[in-house]
Amino acid sequence: MIGIADPSQAETDLASGTLTCPSCTGPLQPWGHARARTVRDHGTTTVALRPRRARCRTCRGTHVLLPAVVAPRRADTTAVIGSALLASARGAGYRRIAAELARPLSTVRRWIRAVRDPEHVEWLRVQGVLWLARVDRDVIADLAPQPTRLGEALTALAAAAVTLRARVAPHVPPWTLIGQITRGRLVGRPVPARPG
Ligand SMILES: [Zn+2]
Numbered sequence: 008m009i010g011i012a013d014p015s016q017a018e019t020d021l022a023s024g025t026l027t028c029p030s031c032t033g034p035l036q037p038w039g040h041a042r043a044r045t046v047r048d049h050g051t052t053t054v055a056l057r058p059r060r061a062r063c064r065t066c067r068g069t070h071v072l073l074p075a076v077v078a079p080r081r082a083d084t085t086a087v088i089g090s091a092l093l094a095s096a097r098g099a100g101y102r103r104i105a106a107e108l109a110r111p112l113s114t115v116r117r118w119i120r121a122v123r124d125p126e127h128v129e130w131l132r133v134q135g136v137l138w139l140a141r142v143d144r145d146v147i148a149d150l151a152p153q154p155t156r157l158g159e160a161l162t163a164l165a166a167a168a169v170t171l172r173a174r175v176a177p178h179v180p181p182w183t184l185i186g187q188i189t190r191g192r193l194v195g196r197p198v199p200a201r202p203g
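Written out as structure tokens, the structure is:
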């Protein structure tokens with residue numbers, strides 16, 4: 008699985024051979040599509056996707072190019088999951104978040120539990136800082152202190168997304184960029200890369 012922020016750019020890169028294989032860095036070529044998926048966005052809106060599949064010209068491994076608007080194996084968009092985390096960082100409880108987002112309590116609880124793991128939250132913060140170091144190091148010093156570790160992580164990720172948006176990808180929504188920055192693992196353990 009390869010997370011992509013901008014599907015049309017990925018299509019262009021795939022056609023020109025500039026998208027590289029995560030296993031061997033060989034050039035990827037278009038290789039049909041993966042199974043169509045429908046994910047839930049805010050409210051009752053849904054997003055239908057048919058992710059592109061690509062094959063490496065060198066090692067012949069195949070990879071699914073998953074738009075970062077969604078995360079692997081999640082039924083909700085990165086934006087919905089992110090909103091739940093943001094509400095939690097601001098002190099809202101499961102029930103209120105579930106009611107506000109119109110999602111089952113068990114689903115919201117699973118997301119929030121994932122960010123109770125200090126190691127995972129620190130990993131999220133570091134991803135934000137690493138991206139900021141690549142696009143605008145000065146922003147790191149200006150990050151406002153937050154009362155919680157989750158708040159610190161989300162602030163770093165938001166700053167990275169806003170900076171990336173301003174400099175590189177103005178048409179990509181911030182949560183999609185955060186999905187890309189966190190490689191689809193906003194609320195998940197690392198997903199091992201495997202042939203799609
Ligand atoms: Zn390869």
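Okay, so the sequence shown: first residue is 8 according to the numbering used here, each after it adds one. Quick reminder that beta carbons are idealized off the backbone N, C-alpha and C, glycines included.
- Around the beta carbon of residue 137, fewer than 16 other beta carbons lie within 10 angstroms, which makes this residue exposed.
- Taking the CA atoms as reference points, residue 195 sits about 8 Å from residue 118.
- When the Cα atoms are used, residue 164 and residue 134 turn out to be separated by approximately 7 Å.
- Taking non-hydrogen atoms of ligand 1 into account, the C-beta of residue 95 is found less than 7 Å away from none of them.
- Every unbroken stretch of the alpha helix (DSSP H) spanning 4 or more residues and falling wholly within the stretch 110 to 147 is given here in chain order: 112 to 121, 125 to 142.
- In the three-state DSSP reduction, residue 93 falls in the helix class (H, G or I).
- For ligand 1, a non-hydrogen atom lies closer than 7 Å to the CB of residue 68.
- Contact between residue 64 and residue 36 holds: CB atoms are separated by about 6 Å, below the 8 Å threshold.
- DSSP links residue 59 through a beta bridge to 40, 72.
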